[in-house]
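Q: Protein chains in written order, with this note's numbering: chain A, 1 to 115; chain B, 1001 to 1111. Idealized CB from N, CA, C, for every residue including glycine.
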């Protein structure tokens, strides 16, 4: 079955330290992968996307993610956390061609940033 | 350009009542989606549509129906609401290889 797993439900970091949010997907042909962020009581905003171009993808607000096919992973990183990064983060996968349609979400990771 | 608009933003229903949530997009997107968000479970796909006049079941379709009579609109119906359907509902749309764009959500409480 098509699935995506976010390995940590909650991550806590200090301001100014690196952020790592982990995501693994079930192996399939040509997945497209996305990271979205949701601030409290808000909608979802796209951080970055991988659609079979460069494996290292840069997004907004200093975030980036690396697509590793051999590890079926798409981990999200940021060199230095800011207080405003505190939010919930979702890894999303779209399998196969664009005509397949389904977008599958991971369970989400809550990022806490301590001063 | 309004993007994806959900109506209503909040609603309280009594058990057994029916209602329809409206999602409208003005980006000429082919694909539209309805998700529900519950704590600790991420967003789960209820139904989706790959084009006008077509719909398909997602992960949690039971208790919901949908219709896509016009390309820009995707309606989610609850025929007989249950407390288990208390949730935040999100609509999304996309086209081709682009990312999905989301509405601001509808907070539904069933008492």
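What's the call for residue 1046 of chain B, buried or exposed, on a 16-neighbour Cβ count within 10 Å?
A: Buried, since its Cβ has 16 or more Cβ neighbours within 10 Å.
Q: Here's the rule: buried if 16 or more other CB atoms are within 10 angstroms of the residue's CB, otherwise exposed. What is residue 24 of chain A?
A: Residue 24 of chain A comes out buried.
Q: Is any beta-carbon of chain A found at less than 8 Å from that of residue 1052 of chain B?
A: With 8 Å as the cut-off, residue 1052 of chain B does not count as an interface residue toward chain A.
Q: Name, please, each residue of chain A whose Cβ falls closer than 9 Å to the Cβ of residue 1024 of chain B.
A: Neighbours of residue 1024 of chain B on chain A: none; closest Cβ ~15 Å, over 9 Å.
Q: Applying the 10 Å Cβ sphere with the 16-neighbour rule, what's the burial state of residue 78 of chain A?
A: It counts as buried.
Q: What is the residue span of the beta strand (DSSP E) that residue 1040 of chain B lies within?
A: Residue 1040 of chain B -> no beta strand (DSSP E), and no H or E assigned at all.
Q: From the DSSP output, in three-state form, read off residue 64 of chain A for me.
A: In this structure, residue 64 of chain A counts as strand in the three-state DSSP scheme.
Q: List, in chain order, every chain A residue whose beta-carbon is nearer than 7 Å to that of residue 1102 of chain B.
A: Simply 43 and 44.
Q: Would you say residue 20 of chain A and residue 74 of chain A are within 8 Å of each other, going by their C-beta atoms?
A: Against a cut-off of 8 Å, the Cβ pair of residue 74 of chain A and residue 20 of chain A comes out as no contact.
Q: In chain A, which residues lie with their C-beta within 9 Å of the C-beta of residue 1021 of chain B?
A: Going along chain A, no residue has its Cβ under 9 Å from residue 1021 of chain B, so there is no contact; the nearest lies around 15 Å.
Q: For residue 1032 of chain B, write down the residues that DSSP places opposite it in a beta bridge.
A: Paired residue(s): B/1049 and B/1093.
Q: From which residue to which residue does the beta strand (DSSP E) around residue 1112 of chain B run?
A: This structure gives no information on residue 1112 of chain B, because the portion of chain B shown stretches from 1001 to 1111.
Q: What is the DSSP secondary structure of residue 83 of chain A, counted as helix, strand or coil?
A: If DSSP states are grouped into helix, strand and coil, residue 83 of chain A belongs with the helices.
Q: What is the rounded straight-line gap between the Cα of residue 14 of chain A and the Cα of residue 1017 of chain B?
A: Taking the straight line from one Cα to the other gives about 47 Å.
Q: Out of B/1072, B/1071 and B/1076, which has the shortest C-alpha to C-alpha gap to residue 1065 of chain B?
A: Answer by Cα proximity: B/1076.
Q: With DSSP collapsed to three states, give me the class of residue 1080 of chain B.
A: In this structure, residue 1080 of chain B counts as coil in the three-state DSSP scheme.
Q: Please report how far the alpha carbon of residue 1109 of chain B lies from the alpha carbon of residue 60 of chain A, in whole angstroms.
A: Between residue 1109 of chain B and residue 60 of chain A, the C-alpha separation is close to 34 Å.
Q: Assuming the contact rule is C-beta atoms closer than 8 Å, residue 1026 of chain B and residue 1072 of chain B should be a hit. Round their C-beta distance to whole Å, please.
A: About 6 Å separates the two Cβ atoms, so the contact holds.
Q: Name the residue from B/1002, B/1019, B/1092 and B/1103 whose alpha carbon lies nearest to the alpha carbon of residue 1048 of chain B.
A: Of the listed residues, the one whose Cα sits closest to residue 1048 of chain B is B/1092.
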